[in-house]
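Here is the structure we will look at, set down as structure tokens.
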Amino acid sequence: MHSQAVEQSDPWAMTPDQRAYYLAQFFRLQPDPSGRLSGQAAKSFFELSKLPVNVLSQIWELSDVDTDGQLNLSEFSVAMHLVVLHRNGVMLPTQLPESLLLVATSSTLSAPPPPPPPPLPLQPSPPTPNASV
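Its first residue numbered 3, the sequence shown is counted upward by one per residue in our numbering.
Here you go:
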């Protein structure tokens, strides 16, 4: 029962699985981790949630923290999280909760580092026949 109390203490917190899902959605729309999603592209995507336009507008206002009319990876994650929470019956906040504000303004949510180069072969190349034998 204590774990429920901890979860309820911050209903806005994102789980690692949620973050991973939101990142994957962003990369489907905008493959550049340092890129931004235009307002129009974000609108088209979030309309798929079937939430009313006034709700989506409120989510935009909360998540576009730098008010540049675009969503970076962190802001998109916050917007996605608010969409998911609202679709699950959670009322939207009037201002961004601190835990989500930290996510929206964080550069650490950015994409994972590029993959390492391919590993070297585990076995050496087969020996070449010796022509003098």
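A virtual CB, placed ideally from N, CA and C, is assigned to each residue, including glycine.
From a predicted model like this one, the values you see are computed outputs, not experimental measurements.
Residue i - containing alpha helix (DSSP H), residue span
i, result
"Asn56", "Val55 to Ser65"
"Ser79", "Leu75 to Arg89"
"Leu50", "It is not in any alpha helix (DSSP H) - Leu50 carries neither H nor E in the DSSP assignment."
CA-to-CA distance, residue j to residue i, given in whole angstroms
i, j, result
"Val215", "Ser51", "Lying before the first or after the last residue shown, residue 215 is absent from the chain, which here runs from 3 to 135."
"Ser11", "Gly71", "32 Å"
"Leu75", "Leu103", "13 Å"
"Ala26", "Asn56", "26 Å"
"Pro18", "Gln60", "25 Å"
"Asp66", "Gly91", "22 Å"
"Asp34", "Tyr24", "14 Å"
"Leu84", "Ser108", "17 Å"
"Met93", "Pro13", "11 Å"
"Phe47", "Trp62", "12 Å"
Close Cβ partners of residue i (< 8 Å) along its chain, the five nearest in sequence each way excluded
i, result
"Arg89", "Ser51 and Leu53"
Exposed unless 16 or more other CB atoms sit within 10 angstroms - verdict on residue i
i, result
"Glu77", "buried"
"Gln97", "exposed"
"Val105", "buried"
Contact set for residue i: own chain, Cβ-Cβ below 7 Å, skip 5 residues either direction
i, result
"Gln42", "none"
"Leu73", "Arg38, Leu39, Ala44, Ser65, Asp66 and Ala81"
**Asked** Which residue spans inside the stretch 12-40 form an unbroken alpha helix (DSSP H) run of at least 4?
**Response** 18-31
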